[in-house]
Amino acid sequence: MLQPDAGLYLNINLSPRQLQDDQLVQALPRLLTEAKVAPESIRFELTESALDMNEQVVTERLSALRTMGFKIYIDDFGTGYSSLKRLVQFPIDGIKIDRSFVDGLEQDSSKQVMVEVIVSMARLLNLQVVAEGVETEAQRKLLLEGGCRFAQGYLFSRPLPEVELSRQLESDTRMLDCNLQSA
21 MLQPDAGLYL NINLSPRQLQ DDQLVQALPR LLTEAKVAPE SIRFELTESA
71 LDMNEQVVTE RLSALRTMGF KIYIDDFGTG YSSLKRLVQF PIDGIKIDRS
121 FVDGLEQDSS KQVMVEVIVS MARLLNLQVV AEGVETEAQR KLLLEGGCRF
171 AQGYLFSRPL PEVELSRQLE SDTRMLDCNL QSA
C-alpha cells in the first residue's frame, strides 16, 4: 500500500467537471481499497479555473476530500485570474508554482522576486509550496534561496515507464516532489 510516511505521494489532477460530480466523494473509498492506496498519500491538484464554479460546492467537495485525508493543491499557481482571497477561502494544503515562473529564473530577477513573494505568502498561510518545471541546478539553488523547499521537474527525472520508475525509486527516492535541500 502506498503510504505517505514513505515520502511518496501520488498527485492526481482533478478537473472542474470531476469536482462538480456528485459521485466523486462517494466513489473514492472503494477506489482506494481496490488500489491499496492510503488517502493521505494522494494530492489532488486543481487549476485556479476549477475554483471558478459555485463557491459553496467547491468548498463542500474540498472539505469532504480533506476530511477523508487527501491533500489539496492549487496547480499552475500564478497563471489564473482568481483572487488571492481564494487561498484563505478554500480548504487547500498547498500551491504549485507554475513552470512559467521557473523557466528563465536564472536570468530574470523579476521572476526571482515573484517566486520569493509567492513562497513568503504561502508560508504565512501555512501552505506547502512546490515549484514545477525545475530543469537546472541553478534553478534549484535559486528556488532554495527564495525559500522554496520542494520541486519537481526534469532535473530530478524524466517521465519513466512503470517498471523503470519502480527500479529508480528503490535506488533514488529524491525523484518526486524533491526536497530541494537534499537534492
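Heads up: take any position in the sequence shown, counting from 1, add 20, and you land on our numbering.
The C-beta atom is built at its ideal place from N, Cα and C for all residues, glycine as well.
Original post:
Looking only at C-alpha atoms, which of G173, K56 and E126 sits nearest to G17?
Top reply: Here the chain comprises residues numbered 21 to 203, so residue 17 is not present and cannot be evaluated.
Subject >> Close-in-space but distant-in-sequence residues of the same chain around N31 (CB under 7 Å, 5 per side omitted) >> reply: Close CB contacts of N31 within its chain, under the 7 Å cut and outside five residues either way in sequence, are with R63 and E65 (chain order).
Subject >> Contact check, R142 vs V133, beta carbons under 8 Å >> reply: A quick correction: the sequence has Ala, not Arg, at residue 142. Taking a C-beta distance under 8 Å as the contact criterion, A142 and V133 do not qualify as a contact pair.
Original post:
Does the Cβ-Cβ distance between I112 and I92 come in under 8 Å?
Top reply: For the 8 Å CB-CB criterion, I112 and I92 form a contact.
Original post:
If you count every other CB in all the chains shown that lies within 10 Å of the CB of L145, and 16 or more means buried, which is it?
Top reply: A residue is called buried when at least 16 other Cβ atoms come within 10 angstroms of its Cβ; L145 does not meet this threshold and is exposed.
**OP:** Give me the Cβ distance between I215 and E152, rounded to the nearest whole Å; I'm assuming they're in contact under 8 Å.
**Re:** Absent from the structure is residue 215, since the part of the chain shown begins at 21 and ends at 203.
Original post:
What is the residue span of the alpha helix (DSSP H) that T156 lies within?
Top reply: Segment: none, T156 is in no alpha helix (DSSP H) and carries neither H nor E.
Original post:
Alpha carbon to alpha carbon, how far is S191 from E75?
Top reply: Computed Cα separation, rounded: 44 Å.
**OP:** Spatial neighbours of A70 within its chain, please: CB distance less than 6 Å, with the 5 preceding and 5 following residues excluded, ordered by chain position.
**Re:** Closer than 6 Å at Cβ, skipping near neighbours: P36 and L39.
Subject >> Residue range of the unbroken alpha helix (DSSP H) whose run includes K91 >> reply: Unbroken run through K91 is the beta strand (DSSP E), K91 to F97; no alpha helix (DSSP H).
**OP:** Inspect the beta-carbon positions of A171 and L163 and report whether they are closer than 8 Å.
**Re:** A171 places its beta carbon less than 8 Å from that of L163.
Original post:
Can you name, in chain order, every residue of its own chain whose Cβ lies under 7 Å from the Cβ of F110, other than the five neighbours on each side?
Top reply: The beta carbon of F110 sits closer than 7 Å to the beta carbons of L71, V78, T79 and L82 from its chain, once the five residues preceding and following it are set aside; these are given in chain order.
**OP:** Check each candidate in P49, L28 and N33 and name the one with the smallest Cα separation from E68.
**Re:** Taking E68 as reference, the option from P49, L28 and N33 with the minimal CA-CA separation is N33.
**OP:** In the DSSP assignment, find the unbroken beta strand (DSSP E) run with R63 in it and report its ends.
**Re:** Secondary structure note for R63: its beta strand (DSSP E) is the uninterrupted segment I62 to T67.
Subject >> Reduced DSSP category for I115 - H, G, I as helix; E, B as strand; rest coil >> reply: I115 falls in the strand class under three-state DSSP.
Subject >> Neighbourhood of D95 by C-beta distance below 6 Å, restricted to the same chain and skipping five residues each side >> reply: The beta carbon of D95 is closer than 6 Å to those of E65, T67 and K116 in its chain, skipping five residues each way along the sequence.
**OP:** Using the Cα positions of Q43 and S130, report the straight-line distance between them to the nearest angstrom.
**Re:** Computed Cα separation, rounded: 43 Å.
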